[in-house]
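Each remark here refers to the structure printed beneath this line.
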Amino acid sequence: MAEEESGQEKTEDASLKRLEKAREDGQVARSRELGTTLLLMTGALSMLIFGASLAERLQAIMKANFGFDRNAAMDPNMMASQLGNSLSSVFDLVGLILVLLMLAGVVGAIGVGGWLISPKPIQPKFSRLNPLEGLKRMFSMKSLVELFKAVAKFLLVAGVAVLILFQMETDLLSISQQPLIPAVSHSTWIVIWSALGMSAATIIIAAIDVPFQIYDNAQKLKMTKQQVKDENKDSEGKPEVKSRIRQIQRELAQSRMMSAIPDADVVITNPEHFSVALKYDSEGTGAPIVVAKGADEIAIKIREIANAHEIPILRSPPLTRAIYFTTEIDHQIPAKLYLAVAQVLAYIYQLRARPSASRAGPKPAGPIRASSLDSQLDIPSDLQFDAEGNLEE
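Spelled out as C-alpha coordinates, the structure:
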(Lines of atoms letter the chains of each structure in order from A and count residues from 1; the text may use other names and numbers.)
(Lines give C-alpha, C1' and ligand atoms only; values in the text may rest on other atoms or scores of the structure.)
Protein backbone atom coordinates (compact mmCIF):
# COMPACT_ATOMS: atom_id res chain seq x y z
CA MET A 1 0.00 0.00 0.00
CA ALA A 2 1.49 3.33 -1.00
CA GLU A 3 1.49 6.15 1.44
CA GLU A 4 -0.14 9.32 0.17
CA GLU A 5 2.30 11.79 1.68
CA SER A 6 5.68 10.34 0.81
CA GLY A 7 4.80 7.84 -1.91
CA GLN A 8 6.84 5.21 -0.07
CA GLU A 9 5.56 1.71 0.50
CA LYS A 10 5.02 0.41 4.00
CA THR A 11 7.51 -2.44 3.93
CA GLU A 12 8.91 -2.31 7.47
CA ASP A 13 7.40 -4.11 10.44
CA ALA A 14 5.98 -1.89 13.15
CA SER A 15 8.50 -0.84 15.78
CA LEU A 16 7.95 -1.38 19.49
CA LYS A 17 7.18 2.32 19.92
CA ARG A 18 4.56 2.25 17.15
CA LEU A 19 2.96 -0.87 18.63
CA GLU A 20 2.75 0.81 22.05
CA LYS A 21 1.26 3.95 20.51
CA ALA A 22 -1.31 1.87 18.56
CA ARG A 23 -2.24 0.04 21.74
CA GLU A 24 -2.75 3.34 23.58
CA ASP A 25 -5.06 4.39 20.74
CA GLY A 26 -7.00 1.12 21.01
CA GLN A 27 -5.74 -0.14 17.65
CA VAL A 28 -5.20 -3.84 18.32
CA ALA A 29 -6.29 -6.99 16.56
CA ARG A 30 -9.82 -8.04 17.51
CA SER A 31 -11.97 -10.92 16.27
CA ARG A 32 -15.73 -10.60 16.75
CA GLU A 33 -16.11 -14.08 15.31
CA LEU A 34 -14.12 -15.56 18.20
CA GLY A 35 -16.44 -13.92 20.73
CA THR A 36 -19.53 -15.05 18.84
CA THR A 37 -18.26 -18.63 18.63
CA LEU A 38 -17.43 -18.79 22.34
CA LEU A 39 -20.82 -17.38 23.33
CA LEU A 40 -22.77 -19.77 21.09
CA MET A 41 -20.73 -22.81 22.12
CA THR A 42 -20.94 -21.93 25.81
CA GLY A 43 -24.70 -21.41 25.59
CA ALA A 44 -25.27 -24.67 23.71
CA LEU A 45 -23.01 -26.71 26.01
CA SER A 46 -24.63 -25.15 29.09
CA MET A 47 -28.07 -26.18 27.88
CA LEU A 48 -26.75 -29.63 27.03
CA ILE A 49 -25.30 -30.08 30.54
CA PHE A 50 -27.90 -28.26 32.64
CA GLY A 51 -30.89 -28.46 30.30
CA ALA A 52 -32.49 -31.57 31.82
CA SER A 53 -32.27 -30.25 35.38
CA LEU A 54 -33.52 -26.82 34.32
CA ALA A 55 -36.45 -28.40 32.45
CA GLU A 56 -37.47 -30.40 35.52
CA ARG A 57 -37.44 -27.29 37.67
CA LEU A 58 -39.44 -25.32 35.11
CA GLN A 59 -41.95 -28.14 34.98
CA ALA A 60 -42.27 -28.07 38.76
CA ILE A 61 -42.74 -24.28 38.67
CA MET A 62 -45.51 -24.57 36.09
CA LYS A 63 -47.31 -27.23 38.15
CA ALA A 64 -47.03 -25.11 41.30
CA ASN A 65 -48.21 -21.92 39.57
CA PHE A 66 -51.17 -23.50 37.79
CA GLY A 67 -52.22 -26.05 40.40
CA PHE A 68 -53.44 -23.90 43.33
CA ASP A 69 -57.13 -23.74 44.43
CA ARG A 70 -59.58 -20.81 44.30
CA ASN A 71 -58.99 -19.70 47.89
CA ALA A 72 -55.23 -19.36 47.20
CA ALA A 73 -55.97 -17.35 44.06
CA MET A 74 -57.94 -14.83 46.12
CA ASP A 75 -55.00 -14.31 48.50
CA PRO A 76 -53.34 -10.95 47.63
CA ASN A 77 -49.96 -12.24 48.84
CA MET A 78 -50.12 -15.35 46.70
CA MET A 79 -48.63 -13.78 43.55
CA ALA A 80 -45.52 -12.42 45.33
CA SER A 81 -45.01 -15.71 47.16
CA GLN A 82 -45.28 -17.80 43.99
CA LEU A 83 -42.95 -15.45 42.12
CA GLY A 84 -40.35 -15.68 44.88
CA ASN A 85 -40.53 -19.45 45.00
CA SER A 86 -40.27 -19.71 41.21
CA LEU A 87 -37.19 -17.45 41.02
CA SER A 88 -35.39 -19.13 43.91
CA SER A 89 -35.86 -22.61 42.40
CA VAL A 90 -34.01 -21.73 39.16
CA PHE A 91 -31.73 -18.94 40.40
CA ASP A 92 -28.63 -21.10 40.90
CA LEU A 93 -28.78 -22.80 37.49
CA VAL A 94 -29.69 -19.69 35.53
CA GLY A 95 -27.06 -17.69 37.45
CA LEU A 96 -24.39 -20.29 36.65
CA ILE A 97 -25.27 -20.25 32.95
CA LEU A 98 -25.16 -16.43 32.89
CA VAL A 99 -21.75 -16.42 34.61
CA LEU A 100 -20.40 -18.90 32.06
CA LEU A 101 -21.73 -16.74 29.23
CA MET A 102 -20.13 -13.64 30.77
CA LEU A 103 -16.75 -15.41 31.07
CA ALA A 104 -17.05 -16.59 27.47
CA GLY A 105 -17.76 -13.02 26.37
CA VAL A 106 -14.72 -11.69 28.26
CA VAL A 107 -12.41 -14.41 26.90
CA GLY A 108 -13.70 -13.81 23.38
CA ALA A 109 -13.07 -10.07 23.71
CA ILE A 110 -9.50 -10.33 25.02
CA GLY A 111 -8.53 -13.58 23.31
CA VAL A 112 -6.98 -11.63 20.44
CA GLY A 113 -5.17 -8.43 21.34
CA GLY A 114 -5.27 -8.91 25.11
CA TRP A 115 -6.82 -6.80 27.83
CA LEU A 116 -7.04 -3.14 26.85
CA ILE A 117 -8.87 -0.13 28.25
CA SER A 118 -8.63 2.94 26.04
CA PRO A 119 -11.10 5.85 25.78
CA LYS A 120 -9.94 6.88 22.30
CA PRO A 121 -12.01 4.38 20.25
CA ILE A 122 -15.26 5.69 21.79
CA GLN A 123 -14.41 9.38 21.44
CA PRO A 124 -16.68 11.20 18.95
CA LYS A 125 -15.21 11.74 15.48
CA PHE A 126 -16.95 14.47 13.50
CA SER A 127 -15.40 13.16 10.29
CA ARG A 128 -17.87 10.26 10.46
CA LEU A 129 -20.72 12.72 10.02
CA ASN A 130 -19.48 13.48 6.51
CA PRO A 131 -21.79 11.69 4.01
CA LEU A 132 -18.98 11.30 1.46
CA GLU A 133 -16.76 9.62 4.02
CA GLY A 134 -19.67 7.39 4.94
CA LEU A 135 -20.10 6.33 1.30
CA LYS A 136 -16.41 5.61 1.04
CA ARG A 137 -16.60 3.35 4.08
CA MET A 138 -19.68 1.59 2.70
CA PHE A 139 -17.89 0.69 -0.54
CA SER A 140 -14.41 0.23 0.89
CA MET A 141 -12.42 -2.99 0.77
CA LYS A 142 -13.07 -3.55 4.46
CA SER A 143 -16.85 -3.37 3.89
CA LEU A 144 -16.58 -5.84 1.03
CA VAL A 145 -14.62 -8.21 3.23
CA GLU A 146 -17.23 -7.92 5.99
CA LEU A 147 -20.00 -8.57 3.46
CA PHE A 148 -18.18 -11.63 2.18
CA LYS A 149 -17.73 -12.88 5.77
CA ALA A 150 -21.44 -12.37 6.53
CA VAL A 151 -22.52 -14.28 3.40
CA ALA A 152 -19.99 -17.04 4.12
CA LYS A 153 -21.23 -17.36 7.71
CA PHE A 154 -24.84 -17.56 6.58
CA LEU A 155 -24.10 -20.19 3.95
CA LEU A 156 -21.97 -22.25 6.33
CA VAL A 157 -24.46 -22.21 9.20
CA ALA A 158 -27.39 -22.81 6.82
CA GLY A 159 -25.54 -25.74 5.27
CA VAL A 160 -24.86 -27.27 8.68
CA ALA A 161 -28.53 -26.74 9.65
CA VAL A 162 -29.72 -28.56 6.52
CA LEU A 163 -27.29 -31.39 7.23
CA ILE A 164 -28.60 -31.70 10.80
CA LEU A 165 -32.21 -31.76 9.57
CA PHE A 166 -31.41 -34.60 7.18
CA GLN A 167 -29.58 -36.52 9.93
CA MET A 168 -32.46 -36.10 12.40
CA GLU A 169 -35.28 -36.67 9.91
CA THR A 170 -36.37 -39.90 11.58
CA ASP A 171 -36.39 -38.34 15.06
CA LEU A 172 -38.38 -35.35 13.86
CA LEU A 173 -41.03 -37.54 12.24
CA SER A 174 -41.30 -39.78 15.32
CA ILE A 175 -42.22 -36.83 17.57
CA SER A 176 -45.77 -36.75 16.15
CA GLN A 177 -46.35 -40.32 17.32
CA GLN A 178 -45.15 -39.76 20.89
CA PRO A 179 -47.18 -38.65 23.95
CA LEU A 180 -47.02 -34.98 24.85
CA ILE A 181 -44.38 -35.01 27.62
CA PRO A 182 -41.94 -37.41 25.88
CA ALA A 183 -42.47 -35.48 22.63
CA VAL A 184 -41.61 -32.16 24.34
CA SER A 185 -38.50 -33.70 25.93
CA HIS A 186 -37.43 -35.28 22.65
CA SER A 187 -37.91 -32.10 20.67
CA THR A 188 -35.95 -30.13 23.30
CA TRP A 189 -32.97 -32.42 22.91
CA ILE A 190 -33.18 -32.12 19.12
CA VAL A 191 -33.16 -28.34 19.40
CA ILE A 192 -30.17 -28.33 21.80
CA TRP A 193 -28.08 -30.70 19.67
CA SER A 194 -28.97 -28.77 16.53
CA ALA A 195 -27.91 -25.52 18.21
CA LEU A 196 -24.65 -27.13 19.32
CA GLY A 197 -23.96 -28.38 15.79
CA MET A 198 -24.65 -24.99 14.20
CA SER A 199 -22.54 -23.27 16.88
CA ALA A 200 -19.66 -25.63 16.13
CA ALA A 201 -19.83 -24.50 12.51
CA THR A 202 -18.76 -21.02 13.61
CA ILE A 203 -15.45 -22.51 14.86
CA ILE A 204 -14.37 -22.74 11.23
CA ILE A 205 -15.18 -19.06 10.73
CA ALA A 206 -13.28 -18.06 13.89
CA ALA A 207 -10.28 -20.19 12.89
CA ILE A 208 -10.05 -18.19 9.65
CA ASP A 209 -10.92 -14.80 11.10
CA VAL A 210 -8.44 -14.78 14.03
CA PRO A 211 -5.22 -15.11 11.95
CA PHE A 212 -6.69 -12.75 9.35
CA GLN A 213 -7.34 -10.03 11.95
CA ILE A 214 -3.81 -10.41 13.35
CA TYR A 215 -2.33 -10.18 9.83
CA ASP A 216 -4.56 -7.26 8.85
CA ASN A 217 -3.65 -5.29 11.97
CA ALA A 218 0.06 -5.94 11.38
CA GLN A 219 -0.30 -4.68 7.79
CA LYS A 220 -2.03 -1.51 8.97
CA LEU A 221 0.78 -0.77 11.43
CA LYS A 222 3.59 -1.30 8.93
CA MET A 223 5.95 1.64 8.43
CA THR A 224 7.86 3.20 5.59
CA LYS A 225 11.65 3.37 5.71
CA GLN A 226 11.41 7.13 6.27
CA GLN A 227 9.07 6.64 9.24
CA VAL A 228 11.56 4.21 10.78
CA LYS A 229 14.40 6.73 10.33
CA ASP A 230 12.32 9.57 11.78
CA GLU A 231 11.31 7.46 14.76
CA ASN A 232 14.91 6.44 15.45
CA LYS A 233 15.96 10.07 15.25
CA ASP A 234 13.22 11.08 17.69
CA SER A 235 14.02 8.22 20.05
CA GLU A 236 17.79 8.55 20.07
CA GLY A 237 17.99 12.28 19.53
CA LYS A 238 19.70 14.36 16.86
CA PRO A 239 23.37 13.56 16.07
CA GLU A 240 24.62 16.90 17.37
CA VAL A 241 22.70 16.45 20.63
CA LYS A 242 24.06 12.93 21.09
CA SER A 243 27.58 14.21 20.37
CA ARG A 244 27.19 16.90 23.00
CA ILE A 245 25.90 14.36 25.53
CA ARG A 246 28.88 12.10 24.88
CA GLN A 247 31.22 15.06 25.28
CA ILE A 248 29.67 15.95 28.64
CA GLN A 249 29.90 12.33 29.73
CA ARG A 250 33.59 12.22 28.79
CA GLU A 251 34.23 15.42 30.70
CA LEU A 252 32.48 14.09 33.81
CA ALA A 253 34.37 10.79 33.59
CA GLN A 254 37.65 12.65 33.13
CA SER A 255 36.88 14.86 36.13
CA ARG A 256 36.22 11.81 38.31
CA MET A 257 39.39 10.19 37.01
CA MET A 258 41.52 13.23 37.83
CA SER A 259 40.10 13.40 41.36
CA ALA A 260 41.28 9.80 41.96
CA ILE A 261 44.95 10.50 41.07
CA PRO A 262 45.93 11.86 44.54
CA ASP A 263 45.04 8.44 46.00
CA ALA A 264 47.30 6.57 43.54
CA ASP A 265 50.49 4.82 44.64
CA VAL A 266 52.48 5.45 41.46
CA VAL A 267 52.20 7.00 38.01
CA ILE A 268 53.99 5.18 35.18
CA THR A 269 54.74 7.18 32.04
CA ASN A 270 55.82 6.71 28.45
CA PRO A 271 56.90 9.52 29.25
CA GLU A 272 55.70 11.79 26.41
CA HIS A 273 52.57 10.06 25.11
CA PHE A 274 50.98 7.99 27.89
CA SER A 275 50.49 8.07 31.63
CA VAL A 276 48.91 5.44 33.89
CA ALA A 277 48.08 5.88 37.58
CA LEU A 278 47.95 2.71 39.72
CA LYS A 279 46.58 2.09 43.18
CA TYR A 280 47.11 -1.01 45.29
CA ASP A 281 45.40 -1.83 48.56
CA SER A 282 48.04 -3.79 50.46
CA GLU A 283 45.42 -4.97 52.95
CA GLY A 284 43.07 -6.20 50.25
CA THR A 285 43.12 -9.34 48.15
CA GLY A 286 42.78 -7.81 44.70
CA ALA A 287 45.34 -6.82 42.11
CA PRO A 288 46.48 -3.22 41.47
CA ILE A 289 43.78 -1.06 39.88
CA VAL A 290 44.10 1.58 37.16
CA VAL A 291 42.57 4.74 38.65
CA ALA A 292 43.53 7.02 35.73
CA LYS A 293 45.08 6.82 32.30
CA GLY A 294 45.46 9.12 29.34
CA ALA A 295 47.41 10.11 26.28
CA ASP A 296 49.00 13.39 25.16
CA GLU A 297 47.35 16.34 26.98
CA ILE A 298 45.58 14.09 29.48
CA ALA A 299 48.87 12.28 30.18
CA ILE A 300 50.53 15.62 30.92
CA LYS A 301 47.66 16.60 33.21
CA ILE A 302 47.98 13.30 35.10
CA ARG A 303 51.70 13.96 35.67
CA GLU A 304 51.01 17.52 36.81
CA ILE A 305 48.48 16.34 39.41
CA ALA A 306 50.88 13.56 40.53
CA ASN A 307 53.69 16.10 41.00
CA ALA A 308 51.40 18.44 42.92
CA HIS A 309 50.49 15.63 45.35
CA GLU A 310 54.00 14.09 45.48
CA ILE A 311 52.93 10.86 43.79
CA PRO A 312 56.01 8.96 42.51
CA ILE A 313 56.38 9.05 38.72
CA LEU A 314 58.45 6.35 37.04
CA ARG A 315 59.39 6.01 33.42
CA SER A 316 58.66 2.69 31.71
CA PRO A 317 57.29 2.94 28.14
CA PRO A 318 56.68 -0.84 27.62
CA LEU A 319 54.79 -1.28 30.91
CA THR A 320 52.84 1.97 30.44
CA ARG A 321 51.70 0.99 26.96
CA ALA A 322 50.85 -2.56 28.08
CA ILE A 323 48.58 -1.28 30.86
CA TYR A 324 47.12 1.56 28.77
CA PHE A 325 45.99 -0.67 25.89
CA THR A 326 44.76 -3.63 27.97
CA THR A 327 43.10 -2.20 31.09
CA GLU A 328 40.14 0.13 31.55
CA ILE A 329 39.81 2.65 34.36
CA ASP A 330 38.74 1.13 37.71
CA HIS A 331 39.71 -2.34 36.46
CA GLN A 332 42.48 -4.63 37.69
CA ILE A 333 45.62 -5.05 35.61
CA PRO A 334 46.06 -8.32 33.64
CA ALA A 335 47.50 -11.28 35.51
CA LYS A 336 50.49 -11.36 33.13
CA LEU A 337 51.57 -7.94 34.41
CA TYR A 338 51.39 -8.80 38.12
CA LEU A 339 55.16 -9.43 38.40
CA ALA A 340 56.20 -6.26 36.58
CA VAL A 341 53.83 -4.05 38.57
CA ALA A 342 54.83 -5.78 41.81
CA GLN A 343 58.46 -4.84 41.09
CA VAL A 344 57.43 -1.23 40.52
CA LEU A 345 55.39 -1.09 43.72
CA ALA A 346 58.21 -2.72 45.70
CA TYR A 347 60.55 0.02 44.52
CA ILE A 348 58.01 2.71 45.52
CA TYR A 349 57.54 1.18 48.97
CA GLN A 350 61.34 1.21 49.44
CA LEU A 351 61.39 4.92 48.62
CA ARG A 352 58.62 5.61 51.13
CA ALA A 353 60.36 3.54 53.79
CA ARG A 354 63.48 5.75 53.71
CA PRO A 355 63.85 8.22 56.61
CA SER A 356 62.84 11.77 55.71
CA ALA A 357 66.31 13.13 56.38
CA SER A 358 67.98 10.79 53.94
CA ARG A 359 65.58 11.11 51.00
CA ALA A 360 67.83 13.68 49.33
CA GLY A 361 70.64 11.15 49.19
CA PRO A 362 71.18 8.30 46.73
CA LYS A 363 68.23 6.02 46.02
CA PRO A 364 68.41 2.63 47.74
CA ALA A 365 69.75 -0.38 45.94
CA GLY A 366 66.71 -2.55 45.43
CA PRO A 367 65.15 -4.97 42.97
CA ILE A 368 64.45 -2.07 40.58
CA ARG A 369 66.54 0.97 39.86
CA ALA A 370 64.80 3.99 38.36
CA SER A 371 67.61 4.47 35.86
CA SER A 372 67.29 0.95 34.50
CA LEU A 373 63.59 0.30 34.98
CA ASP A 374 62.86 -0.96 31.44
CA SER A 375 65.62 -3.55 31.46
CA GLN A 376 64.53 -5.09 34.76
CA LEU A 377 60.78 -5.45 34.02
CA ASP A 378 59.49 -8.63 32.41
CA ILE A 379 56.72 -7.66 29.90
CA PRO A 380 55.17 -10.64 28.03
CA SER A 381 55.57 -10.47 24.26
CA ASP A 382 51.81 -10.55 23.68
CA LEU A 383 51.45 -7.37 25.76
CA GLN A 384 54.18 -5.30 24.13
CA PHE A 385 52.53 -2.50 22.12
CA ASP A 386 53.88 0.38 20.07
CA ALA A 387 52.62 3.96 20.37
CA GLU A 388 49.77 3.18 17.91
CA GLY A 389 48.44 0.31 19.96
CA ASN A 390 49.78 -2.40 17.65
CA LEU A 391 51.61 -5.46 18.99
CA GLU A 392 55.35 -5.22 18.44
CA GLU A 393 56.93 -7.97 16.39
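Using my numbering, the first residue of the sequence shown is number 18, and each one after it goes up by one. A virtual CB, placed ideally from N, CA and C, is assigned to each residue, including glycine.
Taking MET96 as reference, the option from ASN82, PHE108, VAL201 with the minimal CA-CA separation is ASN82.
ARG332 has THR286 as its beta-bridge partners, per DSSP. Spatial neighbours of MET64 in its own chain (CB-CB distance under 6 Å, excluding positions within 5 residues in sequence) are listed in chain order as ILE209. The alpha carbon of GLN236 has as its nearest neighbour, out of ASP42, GLU41, LYS34, ALA46, the alpha carbon of ALA46. Pairing LYS239 with TYR232, the inter-Cα distance amounts to about 11 Å. VAL107 is positioned such that its CB atom lies no closer than 8 Å to that of LEU133. Ranked by Cα distance from GLY122, the options LEU161, LEU56, GLY112 are led by LEU56. Counting along the chain, LYS38 sits inside no beta strand (DSSP E); it lies in the alpha helix (DSSP H) bounded by residues 33 to 41. In the same chain as LEU173, and ignoring 5 residues on each side of it, the C-beta atoms closer than 6 Å to its own belong to ALA218, in chain order. Taking the Cα positions, LEU120 is about 10 Å away from ILE114. Using a Cβ distance threshold of 8 Å, ILE192 and GLY214 do not count as a contacting pair. The three-state secondary structure of ALA281, taken from DSSP, is coil. For ALA294, the uninterrupted beta strand (DSSP E) run begins and ends at 291 to 296, by DSSP. Assignment of LYS310 by DSSP, reduced to helix, strand and coil, places it in the strand class.
Residue range 49 to 83 is occupied by the alpha helix (DSSP H) that includes ASN82. DSSP, reduced to helix, strand and coil, places LEU400 within a helical segment of the structure shown. The bridge partners DSSP lists for LEU408 are PHE402. Separation of the CB atoms of ILE78 and SER103 is rounded to 5 Å, and the pair is thereby assigned contact status at 8 Å. With 16 or more other Cβ atoms inside 10 Å of its own Cβ, ASP282 counts as buried. Here DSSP, grouped into helix, strand and coil, assigns MET240 to strand. Remark: C-beta atoms of VAL307 and ILE365 do not approach each other more closely than 8 Å. Counting along the chain, no alpha helix (DSSP H) covers ILE134, and no H or E run does either. In the three-state reduction of the DSSP assignment, GLU321 falls in the helix class, which pools H, G and I. Look at GLU327 here: in three-state DSSP terms it is coil, with no helix or strand label. Collapsing the DSSP output to three states places GLU26 in a strand. Counting only runs of 3 or more residues that sit fully inside the stretch 192 to 226, no beta strand (DSSP E) segment turns up. DSSP, read as helix, strand or coil, puts GLN349 in strand. With respect to the 8 Å criterion, TYR355 and LYS310 are not classified as neighbours on the basis of their beta carbons.
The Cβ neighbour count for PRO334, taken over all protein chains shown within 10 Å, is at least 16; the residue is labelled buried. In the three-state DSSP reduction, MET185 falls in the coil class, being neither helix nor strand.
Classified as exposed, ARG273 has fewer than 16 neighbouring CB atoms from the shown chains inside 10 Å of its CB. When the alpha-carbon of PHE402 is set against those of ALA69, ARG369, ALA359, ASN287, the nearest one is in ASN287. ILE278 sits close to ILE328, with the two beta carbons spaced by under 8 Å.
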